[in-house]
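Here the structure comes first, spelled out in structure tokens, and everything after it is commentary.
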Amino acid sequence: MSNAIVVTDLVKRYGENLVLNGIRFAVPIGTTFALLGVNGAGKTTTLEIIEGLRQPTSGKLEVNGSLGVQCQSTTLPSQIRGREAIKLFSLYRHTNADQALIERIGAVETLEKPYWSMSTGQKRRLHLVLAMLGNPDILILDEPTAGLDVEGRAALHGEIKRLQRQGKTILLASHDLAEVEDLTDHIAILKDGTIAFSGSTGSLREKVGEASSIGVKIKGRLEEVEKNNLGVLDEEKGYFYFECADLGNHLARLLEKISEKGLVIEDLIVSKPSLEKRFLEIASREVK
Amino acid sequence: MKSFIYGLLLHFRLDLRNKDVLITYYLVPLAFFFLMGGIFSYITPESKSTLTGSMVVFAITMGSALGTPIPLIEHYGGVVRKAFQAGGIPIWAELVWTFVSGFFHLGLVAIFISTLAPLVFNADAPVNLPAFIAGLVVFLSTSLLVGCLFGLLVKTTAKLTLLSQALFLPSVLLAGIMFPSSYLPGFLQKMALVLPATWGFKALTASQLSWANLWPLLLISAMCLAAIAWRLRSISESES
């Protein structure tokens, strides 16, 4: 048993609407796995099936270990206080409220507050504490940092890294690509109810290609013919953008061409596409 | 069991913190009791014979129709249920807590009214206390089951207001608690037979425990229980 979660040919249909079309992936024990996708791709449905909150239309699901769940859009009774919610959930999980956990997550200030008076960040922190009660083997976090302030995000990231060191399995859905790159080992990108990509963040970069972007600011005006000759892809705020796979050769050739035409370079930017750009590329076209 | 008991006690406290519940369980029924009790007993002294029963029926009907569904709408109509289920709390727990908590709250109000009405307005005390208590328990349970069903059927308080008033207003006007139902035209008297308040009023003002007054309430309770079970299942399956 090396996988904490194994999803095989999972199909979910709401009437005529096919939300998940036979997705399959496995989350190895002790890894942090991110489920990505644009809105409506089926991330939350997938997580809620794993959490047992929804039934799949067909397919197989294997979960090896206890689950701690933080749903994306949940709330608590408006009059309940943080301390009462923690005690109620602790009793149902047959565990004790963990004061150290509450302090680490930064949820101390929620203890005596009614839920309705908590800020979004405080609510997220309280829900995180509830998810982590009883030290579950697998933690499922759906958009865990949505609505959190910088301090809250840092506390959560610190807690996730601490759990990673303990060998916990974490499955998270997030829109924050920087967060995903920082925290996760594996990524699965959902697109139209199917897995468009599954692998490490490194292999995601390799899969789409290692194209680099070159931005050049040229003194004076550049004629349309010259733009075509140079191969300008985009133009923004005075910069002309070029894309290339082999940065070393392409940059040298480009500078040479610009020099031959007697143009003067004012500024030069070379950048690698972010993981976000890779994600958007995959979310908009399936990688074969 | 410890977790269930804690949840129940917590729900009792949350009801007391919820101003909408507090208004419909305590404030308005007791204000109505003191105001209308005084007016009724002054204008029509003969109403003193049924004042205790009519005020208890009013309080229970109002609390259960307008107050009981509120926490259920928040729980089942919104996304509280998901958080609770994810935390391992069974889907039926909130329903049972609401019912039991409502039973205690409205039971307290009923005892308060039954004790004070003879003292303050010189109203008749229940002639047959065991019959009164049995009638009270059955009527209160039936009313709460109707309220629980309302809380599961609608998702917003705006819709609840419509549904609750469709029960509450006819109950007040047709059940005999404001004026004798014999004053009503025949078809309205027949319509009143489907209202729990009609049978509750009969049971609470009867001199003896009468099966004839209780079986309609038990029938309504059984129908509500079946509908609640169906609704809980459909709520659970609508998400899945």
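Heads up: the sequence lines are chains A and B, in that order. Position one of the first sequence corresponds to residue 1 (the working numbering), numbered consecutively onward. Position one of the second sequence corresponds to residue 1001 (the working numbering), numbered consecutively onward. Note that CB positions come from ideal geometry on N, CA and C, so glycine has one too.
In three-state terms, what does DSSP make of residue i?
| i | result |
| --- | --- |
| A/PRO114 | strand |
| A/LEU233 | coil |
| A/ARG54 | coil |
| B/ILE1073 | helix |
| A/LYS288 | Because the pLDDT at A/LYS288 is just 40, under 50, the model does not fix this residue reliably, and the point stays unresolved. |
| B/LEU1163 | helix |
| B/ASP1015 | helix |
| A/ASN17 | strand |
| B/ASP1246 | Residue 1246 of chain B lies beyond the range of chain B shown here (1001 to 1240); nothing can be said about it. |
| A/ILE269 | strand |
| B/GLY1078 | coil |
| B/PHE1179 | coil |
| A/GLU243 | strand |
| A/GLY22 | strand |
| B/PRO1170 | helix |
| A/LEU222 | coil |
| B/SER1003 | helix |
| B/LEU1008 | helix |
| B/VAL1021 | helix |
| B/PHE1085 | One point to set straight first is that residue 1085 of chain B is Gln, not Phe, in the sequence displayed. Note: B/GLN1085 maps to helix in three-state DSSP. |
| A/ASN135 | coil |
| A/PRO96 | The displayed chain sequence assigns Asn, not Pro, to residue 96 of chain A. Here A/ASN96 sits in coil by DSSP. |
| B/TRP1092 | coil |
| A/VAL108 | helix |
| B/ALA1227 | helix |
| A/GLY202 | helix |
| A/LEU76 | coil |
| B/LEU1232 | helix |
| A/ALA146 | coil |
| A/GLY238 | coil |
| A/GLY248 | helix |
| A/ASN39 | coil |
| B/THR1156 | coil |
Give me whichever residues DSSP pairs with residue i in a beta bridge.
| i | result |
| --- | --- |
| A/PHE197 | A/ILE189 |
| A/THR32 | A/ILE170 |
| B/PHE1099 | DSSP, once it has assigned bridges, lists no residue as partnering B/PHE1099. |
| A/VAL69 | A/ILE140 |
| A/LEU63 | In the sequence under discussion, the amino acid at residue 63 of chain A is Val, which differs from the Leu named in the question. A/ILE5, per the DSSP bridge assignment. |
| A/VAL27 | A/ILE5 |
| A/LEU81 | For clarity, residue 81 of chain A is Arg in the given sequence; the question names Leu instead. According to DSSP, which records beta bridges pairwise, A/ARG81 is partnered with A/PRO114. |
At what residues does the beta strand (DSSP E) containing residue i begin and finish?
| i | result |
| --- | --- |
| A/ARG104 | Per DSSP, A/ARG104 belongs to no beta strand (DSSP E); it is in the alpha helix (DSSP H), 99-105. |
| A/THR169 | 169-173 |
| A/ARG13 | 3-14 |
| B/GLY1147 | Counting along the chain, B/GLY1147 falls outside any beta strand (DSSP E), though it belongs to the alpha helix (DSSP H) covering 1129-1153. |
| A/LYS217 | 212-218 |
| A/ILE140 | 138-142 |
| B/LEU1027 | Element bounds for B/LEU1027: n/a, residue is neither H nor E. |
Please report the residue range of the alpha helix (DSSP H) in which residue i lies.
| i | result |
| --- | --- |
| A/VAL129 | 120-132 |
| A/ARG153 | 150-165 |
| A/LYS261 | Counting along the chain, A/LYS261 falls outside any alpha helix (DSSP H), and DSSP gives it neither H nor E. |
| B/LEU1204 | 1196-1205 |
| B/GLY1186 | 1186-1191 |
| A/ALA178 | 177-183 |
**OP:** Answer yes if the region 191-203 of chain A comes into contact with the region 222-231 of chain A, meaning at least three C-beta pairs across the two stretches below 8 Å, and no otherwise.
**Re:** The region 222-231 of chain A, when compared against the region 191-203 of chain A, does not touch it at the 8 Å Cβ threshold.
**OP:** Decide if the region 1127-1135 of chain B is in contact with the region 1197-1204 of chain B; the criterion is three or more beta carbon pairs, one per stretch, under 8 Å apart.
**Re:** The region 1127-1135 of chain B, when compared against the region 1197-1204 of chain B, does touch it at the 8 Å Cβ threshold.
**OP:** Say whether the region 1069-1087 of chain B touches the region 1103-1111 of chain B, bearing in mind that this needs 3 or more beta-carbon pairs closer than 8 Å, one atom from each stretch.
**Re:** The region 1069-1087 of chain B, when compared against the region 1103-1111 of chain B, does not touch it at the 8 Å Cβ threshold.
Original post:
How about the region 17-32 of chain A and the region 151-170 of chain A: do they share at least three Cβ pairs that are nearer than 8 Å?
Top reply: The region 17-32 of chain A vs the region 151-170 of chain A: in contact.
Original post:
Residue ranges of each alpha helix (DSSP H) run of no fewer than 4 residues wholly in the region 1038-1063 of chain B, ordered along the chain?
Top reply: Runs found: 1051-1062.
Original post:
Would you call the region 15-27 of chain A and the region 103-120 of chain A touching, i.e. three or more CB-CB distances under 8 Å?
Top reply: These segments do not touch.
Original post:
Would the region 1052-1067 of chain B and the region 1211-1226 of chain B be scored as touching if the rule is three or more Cβ pairs under 8 Å?
Top reply: No, the region 1052-1067 of chain B is not in contact with the region 1211-1226 of chain B.
Original post:
How about the region 54-63 of chain A and the region 6-17 of chain A: do they share at least three Cβ pairs that are nearer than 8 Å?
Top reply: Verdict: yes, contact present.
Subject >> Touching by the beta-carbon criterion (3+ pairs, under 8 Å), the region 1108-1117 of chain B and the region 1157-1169 of chain B >> reply: Flag = no, the region 1108-1117 of chain B and the region 1157-1169 of chain B do not touch.
Subject >> Contact between the region 125-139 of chain A and the region 102-116 of chain A (3+ Cβ pairs under 8 Å) >> reply: Yes, the region 125-139 of chain A is in contact with the region 102-116 of chain A.
Subject >> Stretch pair the region 44-55 of chain A + the region 86-105 of chain A: three plus CB contacts closer than 8 Å >> reply: With the cut-off at 8 Å, the region 44-55 of chain A and the region 86-105 of chain A do not touch.
Original post:
Counting Cβ pairs closer than 8 Å, one from the region 254-261 of chain A and one from the region 1002-1016 of chain B, do we hit at least three?
Top reply: Cβ pair count under 8 Å is below three, so no.
Original post:
Is the region 74-83 of chain A in contact with the region 1072-1082 of chain B, if contact means three or more CB pairs nearer than 8 Å?
Top reply: Cβ pair count under 8 Å is three or more, so yes.
Original post:
Do three or more CB pairs link the region 262-270 of chain A to the region 210-222 of chain A at distances below 8 Å?
Top reply: Yes: the two stretches touch, three or more of their Cβ pairs being nearer than 8 Å.
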